[in-house]
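Protein sequence lines correspond, in order, to chains A and B. Under my numbering, the residue at position 78 of the first sequence is numbered 81, and the numbers go up by one with no gaps. Under my numbering, the residue at position 113 of the second sequence is numbered 116, and the numbers go up by one with no gaps. Backbone N, C-alpha and C fix where the C-beta goes; we use that ideal spot for every residue, glycine too. Values in this document were obtained by computation on a predicted structure and should not be read as measured data.
There are 2 protein chains.
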Amino acid sequence: MTEHTTGPSVKLDTPFGVDYDLVHGIMKNPQVHTIRLASSMRGHYRDAKALEALVAQGDPVHYEVFEMKIPQEVGQLQFCISKTYPGTVGGECFMTKGHYHAVPGTAEIYLCLRGEGYMLMKLPTGESACERFLPGRMCYVPPFWGHRTVNTGDEPLISFCVYPGEAGHNYADIEKEGFPQRVFKRAGKVEIVPAKAG
Amino acid sequence: MTEHTTGPSVKLDTPFGVDYDLVHGIMKNPQVHTIRLASSMRGHYRDAKALEALVAQGDPVHYEVFEMKIPQEVGQLQFCISKTYPGTVGGECFMTKGHYHAVPGTAEIYLCLRGEGYMLMKLPTGESACERFLPGRMCYVPPFWGHRTVNTGDEPLISFCVYPGEAGHNYADIEKEGFPQRVFKRAGKVEIVPAKAG
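Below you can see the structure in the form of structure tokens.
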């Protein structure tokens, strides 16, 4: 992971504006810019060898997140632009690590602005759900649901995301558990398959 | 005000998707669709006579809001599409009523997708702020700030809005207090003027 952090936390007693390029999925002057390379995705794809080959071939970017530093407090709102690149690892579509919230009872909203794909979701109890991403389609991730973005298209999948100020991230539990589904694309055909299947 | 409400509150233990037409500022199958006509804006514009003339001439729509029924609980997120039409009342630009939140310590995010204008903001103590709306520009309304959208352009001003589940609306205090600024457009020129000025 490469993470650039600049500037102080924004002053939250005063309104402020943020400028996005919504076509290219970029926040101008972000305070936190996280870039996840193939090498930061070890353990997430079924085909570990294919991932290592990709790392050796130049370690391409899987996704980027642009954020501002908002206090982690009830009543505030965190927001970001998430940009997941197109591509596959042994046929499995590029995706985000996925996370629960550190405060589990907090929702998240993803408004898809460009590209196509899926939001994979799961509860700690194993129940799963899946919503389609297309431009203009919003996904409501209710409290307690872990979630991961998957790009099944040929261009970047760009979403605007908002979640409660206090939510935080819990990547560790999802990393241990994985998701019940995996999404593959072979010869242009997208398939969502059970993670345990061969 | 015309308000259409359909269907039960969404089931919030299960993820769901919502489809928007982001170019026209429409939510497909909204559960709450609020339409504010000129006649529902009495008391908000400086020129009451000009407003009555507009009401008599067909009572045009000033703005529309498309929503889903989300439980008013901490951890959930309310969201809507807000569409403010272009036009003027005695030179004053079409705008929303504006509101505080019923739970004052809650923020709101507006992502402008189309059109142009301003977000006027104020604290109950009288301090004021103003942010520009343009496509791709997001406005962060911090906790405690009342806010009103003003359309200064020639096409609808469309924003995607998110706020904490528990926030609620307080229209009454803003209606009593008004905003410290008014926005006029005369001969194509936009001016933000103190509300008390002649």
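Less than 8 Å divides the Cβ of Y23/A from the Cβ of G139/B. For E55/A, the uninterrupted alpha helix (DSSP H) segment begins and ends at A51 to A59. Note that the C-beta distance between D50/B and G93/B is below 8 Å. Contact annotation, P18/A with M124/B: C-beta distance approximately 5 Å; criterion of less than 8 Å satisfied.
In terms of Cα proximity to H47/B, the closest of G191/B, V186/B and E194/B is V186/B. For V165/A, the C-beta contacts it makes with chain B under 7 Å involve L80, I112 and V165, in order along the chain.
In the same chain as V153/A, and ignoring 5 residues on each side of it, the C-beta atoms closer than 7 Å to its own belong to C96, M98, G120, Y121, L123 and V186, in chain order. Using a C-beta cut-off of 8 Å, the region 164-174 of chain B makes contact with the region 67-86 of chain A, since at least three inter-stretch Cβ pairs fall below that distance. By the criterion of a C-beta distance shorter than 7 Å, N173/B is surrounded in its chain by H102, Y103, H104 and A105, once the five residues flanking it on both sides are discounted. With respect to chain A, the C-beta atom of M124/B has a partner C-beta closer than 8 Å. Sequence-ordered contacts of the region 120-145 of chain A with chain B read M124, A132, E134, R135, G139, R140, M141, C142, Y143, V144 and P145 [C-beta pairs closer than 7 Å]. Nearest C-alpha to G118/B among L40/B, E76/B and S162/B: S162/B.
According to DSSP, residue pairing for S131/A in a beta bridge involves K125/A. Distance from the CA of E130/B to the CA of F69/A, rounded to the nearest whole angstrom, comes to 30 Å. A distance below 8 Å between beta-carbons, with the five flanking residues on each side excluded, links S42/A to the following residues of its chain, in chain order: V58 and D62. Around D176/A, the same chain offers Y103, P127 and G149 as residues with beta carbons nearer than 8 Å, after the five sequence neighbours per side are excluded. As the crow flies, the alpha-carbon of L160/A is around 46 Å from that of Q60/B. Contact annotation for T109/B against chain A: G78 [CB-CB distance below 8 Å, chain order]. Here DSSP, grouped into helix, strand and coil, assigns K31/B to coil. Membership of E180/B in the alpha helix (DSSP H) is indicated by the continuous run A175 to E180.
Shortest Cα-Cα distance from Q75/A to any of T109/B, C133/B, K52/B and A56/B involves T109/B. Counted as a single uninterrupted DSSP element, the beta strand (DSSP E) harbouring H65/A occupies residues V64 to E70.
Per DSSP, the continuous beta strand (DSSP E) segment holding T87/A begins and ends at L80 to T87. One alpha carbon belongs to E111/B, the other to A170/A, and they sit about 16 Å apart.
Rounded to the nearest angstrom, the gap between the Cα atoms of L54/B and R45/B is 7 Å. Per the coordinates, the alpha-carbon of T91/B lies some 18 Å from the alpha-carbon of G181/B. Excluding its 5 nearest sequence neighbours in each direction, V144/B has C-beta neighbours in its own chain below 8 Å: A110, E111, I112, Y113, M122, M124 and H150, listed in chain order. For H150/B, the uninterrupted beta strand (DSSP E) segment begins and ends at G149 to N154. Cβ-Cβ distances below 8 Å link Q184/B to L123, S131, C133, I195, V196, P197 and A198 in the same chain, with the five nearest sequence neighbours on each side left out; the list follows chain order. One finds A132 and P145 in chain A with Cβ atoms closer than 8 Å to the Cβ of T17/B, taken in chain order.
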